[in-house]
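For the sequence shown, the UniProt record's numbering gives the first residue as 1, with consecutive numbering after it.
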Amino acid sequence: MISSVIHIGIVVKDMENMVKFYRDTLGMSFIKEDNNEPGRILGNLKIEKKAVFLDAGNTVIELLDYEAFTEEQGKMATRETPGLAHIAFEVDDVDKTVRELEAKGVVFDIKPVDCGTCTVAFFTDPEG
Numbered sequence: 001m002i003s004s005v006i007h008i009g010i011v012v013k014d015m016e017n018m019v020k021f022y023r024d025t026l027g028m029s030f031i032k033e034d035n036n037e038p039g040r041i042l043g044n045l046k047i048e049k050k051a052v053f054l055d056a057g058n059t060v061i062e063l064l065d066y067e068a069f070t071e072e073q074g075k076m077a078t079r080e081t082p083g084l085a086h087i088a089f090e091v092d093d094v095d096k097t098v099r100e101l102e103a104k105g106v107v108f109d110i111k112p113v114d115c116g117t118c119t120v121a122f123f124t125d126p127e128g
């Protein structure tokens with residue numbers, strides 16, 4: 001059975017901007033960039049892709065930039081529609097982290113809410 005999540009892949013439109021956000025704003029560290037064998041894993045050799053891997057603690061965030069990206073492919077799920085709704089990050093102090101991220105320009109759609117067993121807050125990355 002499943003024992004852990006190894007990585008989460010996020011398709012992006014602007015790799016440079018998204019790497020800056022996840023690395024510089026959220027504090028994830030760069031692991032590697034991979035442009036080898038585009039499309040081989042996906043079974044489509046026509047796909048050209050770039051992948052950047054970032055350390056998110058107990059898992060990895062993989063940012064994927066597909067050269068043949070279209071706006072139709074880019075329609076994003078929201079918290080209320082089917083698909084990936086959110087990624088939850090664990091922090092030591094939610095209120096402190098919110099203040100630090102707001103100082104870096106992050107806008108929170110939902111400010112910290114105490115759910116009883118945890119406190120949550122929601123923001124979106126630069127691509128939604």
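Quick reminder that beta carbons are idealized off the backbone N, C-alpha and C, glycines included. Keep in mind it's a predicted model, so treat the numbers as computed, not measured.
At a Cβ-Cβ threshold of 9 angstroms, residue 56 and residue 18 do not count as neighbours. Within the DSSP secondary-structure output, residue 9 pairs in a beta bridge with 62. Within its own chain, the residues whose Cβ lies closer than 6 angstroms to the Cβ of residue 10, once the five positions on either side in sequence are excluded, are 63, listed in chain order. Residue state for residue 117 is assigned as coil, using DSSP reduced to three classes. Distance from the CA atom of residue 91 to the CA atom of residue 35, rounded to whole angstroms, is 32 angstroms. Residue environment analysis places residue 93 among the exposed positions, since fewer than 16 neighbouring C-beta atoms fall within 10 angstroms of its C-beta.
For residue 19, the three-state secondary structure derived from DSSP is helix.
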